[in-house]
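Our numbering numbers the first residue of the sequence shown as 1 and each following residue consecutively.
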Amino acid sequence: MEINTMAIDATFWVAVSFVIFFGGLIYLKIPQKISEMLDKLISDIKNEIDESEKLRTEAKTLLDNSQKKLDTAQSVSNEILENAKKDADRLIIEMNDKFHKSSEIKKNLTENKISQMKEAALKEIKDTSIKIAVDSVKKIITTSVDKAKLDAVFQKNLDETKEELKKINS
Numbered sequence: 001m002e003i004n005t006m007a008i009d010a011t012f013w014v015a016v017s018f019v020i021f022f023g024g025l026i027y028l029k030i031p032q033k034i035s036e037m038l039d040k041l042i043s044d045i046k047n048e049i050d051e052s053e054k055l056r057t058e059a060k061t062l063l064d065n066s067q068k069k070l071d072t073a074q075s076v077s078n079e080i081l082e083n084a085k086k087d088a089d090r091l092i093i094e095m096n097d098k099f100h101k102s103s104e105i106k107k108n109l110t111e112n113k114i115s116q117m118k119e120a121a122l123k124e125i126k127d128t129s130i131k132i133a134v135d136s137v138k139k140i141i142t143t144s145v146d147k148a149k150l151d152a153v154f155q156k157n158l159d160e161t162k163e164e165l166k167k168i169n170s
């Protein structure tokens with residue numbers, strides 16, 4: 001009787017166990033389950049990639065919006081500073097003009113007051129001079145002429161002096 005060498009050979013049994021093992025795997029649908037798990041993992045990874053892409057897009061949009069707001073705020077602040085400088089320059093010019101006008105008005109008022117004081121002083125000097133002259137003439141006349149002539153000359157001089165005063169005061 002011939003014994004099959006294959007029956008005893010260890011490689012045969014390894015081959016049989018290999019076929020049985022893979023057959024059992026196929027029968028239990030292990031490759032499909034592994035495939036489904038891998039497909040699920042792939043799907044989860046794709047979803048995470050899509051979500052991260054979406055988040056990246058949102059972040060970029062927010063960054064762009066923030067940059068626009070920052071640029072707008074910068075331009076507004078520059079505009080405010082520019083307007084403030086213009087207002088300050090305008091106010092300085094206005095204040096300078098007001099100061100010069102005020103100085104000119106005060107100067108004119110002072111000159112007018114000085115002129116009025118000068119005219120008043122001259123009038124007072126003239127009045128005093130006329131009074132002294134009249135008193136002097138009166139004294140001279142009273143000492144050198146008799147009473148009747150004196151009254152006539154005095155009245156005449158008094159009238160002339162009054163006329164001269166009226167001319168001076170007008």
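C-beta atoms are modelled at their ideal positions from N, C-alpha and C, and glycine is treated no differently.
For this session: Report the three-state DSSP secondary structure of residue 29 (helix, strand or coil).
Result: In the sequence shown, the residue the question calls residue 29 occupies position 29. DSSP places residue 29 in coil when its eight states are reduced to three.
Exercise. In chain order, what residues of the same chain lie with their CB nearer than 7 Å to the CB of residue 23, ignoring the 5 residues before and after it?
Worked result: For the purposes of this step, residue 23 is taken as the residue at position 23 of the sequence shown. Contacts found: none.
For this session: Measure the C-alpha to C-alpha separation of residue 126 and residue 149 and round it to an integer number of angstroms.
Result: The sequence position of residue 126 within the sequence shown is 126, counting from 1. The sequence position of residue 149 within the sequence shown is 149, counting from 1. Answer to the nearest angstrom: the Cα atoms are 28 Å apart.
Problem set entry | Selection from 166, 134, 58 that minimises the alpha carbon distance to residue 155 | Stepping through the sequence shown from its first residue, residue 155 is reached at position 155. Cα-wise, what sits closest to residue 155 is 134.
Exercise. Going by C-alpha distance, which of 161, 120, 118, 115 is nearest residue 137?
Worked result: For this step, residue 137 is matched to residue 137 along the sequence shown. The residue with the shortest Cα to Cα distance from residue 137 is 161.
Problem set entry | For residue 39, three-class secondary structure by DSSP | Mapped onto the sequence shown, residue 39 falls at position 39. DSSP places residue 39 in helix when its eight states are reduced to three.
Exercise. Roughly how many angstroms lie between the CA atoms of residue 123 and residue 166, to the nearest whole one?
Worked result: Translated into positions along the sequence shown, residue 123 becomes position 123. Translated into positions along the sequence shown, residue 166 becomes position 166. The straight-line gap from Cα to Cα measures roughly 12 Å.
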